[in-house]
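These protein sequences, in sequence, are chains F and W.
Letter by letter, the first sequence follows residues 82 to 194 of the numbering used here.
Letter by letter, the second sequence follows residues 10 to 123 of the numbering used here.
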Amino acid sequence: EAQVTQNPRYLITVTGKKLTVTCSQNMNHEYMSWYRQDPGLGLRQIYYSMNVEVTDKGDVPEGYKVSRKEKRNFPLILESPSPNQTSLYFCASSLQTSTDTQYFGPGTRLTVL
Amino acid sequence: AQSVAQPEDQVNVAEGNPLTVKCTYSVSGNPYLFWYVQYPNRGLQFLLKYITGDNLVKGSYGFEAEFNKSQTSFHLKKPSALVSDSALYFCAVRDPGSNYQLIWGAGTKLIIKP
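Below, the structure written as structure tokens:
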């Protein structure tokens with residue numbers, strides 16, 4: 082089944098404790114992206130990747146890191162999480178660009194205390 | 010600045026009635042416009058998009074959207090609402106100023122009452 086998977090689905094952590102949210106797709110997509118969803122703000126892009134080893138900042142990259150060492154994986158790293166990073170995070174992938182149909186993962190709900 | 014607006018936080022419609030979810034945009038050049046839907050506890054799913062051609066775009070689950078260049082709008086419509094259409098709907102537009110990434114509206118919660 083074609084899908085985007087994210088882990089963990091739920092995470093409660095404390096300020097400053099490094100964490101990684103994994104994202105993997107099995108559709109051989111070139112494009113991958115991370116978003117955060119906050120009430121009243123819609124989706125805001127954190128980082129995106131057009132291909133392996135190519136990543137770019139989105140609208141809200143501060144406090145986040147990403148890597149794209151393999152085509153299928155695009156982990157999101159929070160090196161020192163803060164409470165303002167409490168949010169619902171989505172990974173998405175598409176064939177080549179942001180305007181191709183994006184397939185979203187199920188989301189990761191992160192709470193930083 | 011490029012932007013997309015969904016002026017209604019929530020839309021309530023009776024089952025069987027037509028529904029409209031509004032979206033307006035401001036972007037330079039030719040707009041690429043999208044609608045996605047988010048069902049409870051799920052990721053977003055693509056509904057439809059407008060890039061060029063016919064102003065009326067048909068999409069998944071019986072939805073359609075009309076591109077209106079003079080009003081800079083891209084409203085989502087369905088002739089007869091189903092209770093299962095209840096979800097959060099997002100409009101998005103490609104932003105040439107952000108390296109052609111999408112900018113997203115805040116979302117409109119659609120509630121269909123039996």
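Even for Gly, the Cβ is constructed at its ideal location relative to N, Cα and C.
Cβ-Cβ distance between residue i and residue j below 7 Å
i        : j        : result
Gln166/F : Gly144/F : yes
Ser175/F : His110/F : yes
Pro105/W : Gly62/W  : no
Ile121/W : Val36/W  : no
Gly52/W  : Gly97/F  : no
Tyr48/W  : Thr81/W  : no
Gln15/W  : Ala101/W : no
Thr182/F : Tyr41/W  : no
Thr117/W : Val30/W  : yes
Ala74/W  : Leu85/W  : yes
Ala96/W  : Leu65/W  : no
Interface residues of chain F facing residue i [CB-CB closer than 8 Å]
i        : result
Asn108/W : Asp137
Tyr41/W  : Thr180
Closest by C-alpha distance to residue i, when choosing among the options
i        : options                                : result
Lys87/W  : Trp44/W, Pro40/W, Val13/W, Ala10/W     : Trp44/W
Ser12/W  : Ile112/W, Leu97/W, Leu119/W            : Ile112/W
Val95/F  : Asp137/F, Glu160/F, Val85/F, Asn107/F  : Glu160/F
Ser105/F : Asn154/F, Leu92/F, Ile127/F            : Asn154/F
Leu122/F : Asp140/F, Asn88/F, Ile93/F, Met113/F   : Asp140/F
Thr189/F : Arg90/F, Lys152/F, Ala83/F             : Arg90/F
Asn132/F : Leu157/F, Gln126/F, Thr178/F           : Thr178/F
Leu194/F : Ile93/F, Glu82/F, Ala83/F, Val85/F     : Ile93/F
Glu82/F  : Pro162/F, Met108/F, Gln126/F, Lys150/F : Met108/F
Reduced DSSP secondary structure (H/G/I, E/B, other) of residue i
i        : result
Val85/F  : strand
Gly106/W : helix
Asn165/F : helix
Tyr70/W  : helix
Asp140/F : coil
Ser179/F : coil
Ser37/W  : coil
Ser82/W  : strand
Asp119/F : strand
Ser12/W  : strand
Ser130/F : strand
Ser93/W  : helix
Ile60/W  : coil
Neighbour list for residue i in chain W, Cβ cutoff strictly below 8 Å
i        : result
Ser179/F : Arg103, Tyr109, Gln110, Leu111
Neighbouring residues, chain W, relative to residue i (Cβ below 7 Å)
i        : result
Pro187/F : Arg51, Gly52
Chain F residues whose Cβ lies nearer than 7 Å to that of residue i
i       : result
Phe72/W : Simply none; closest approach about 15 Å.
Phe76/W : Those do not exist, as Phe76/W stays about 15 Å from chain F at its closest Cβ, beyond 7 Å.
Quick one, which residues of the segment 146-161 of chain F are near chain W if we go by CB-CB under 7 Å, in chain order? none
For the segment 84-100 of chain W, which residues have a beta carbon sitting closer than 8 Å to at least one beta carbon of chain F? Phe99
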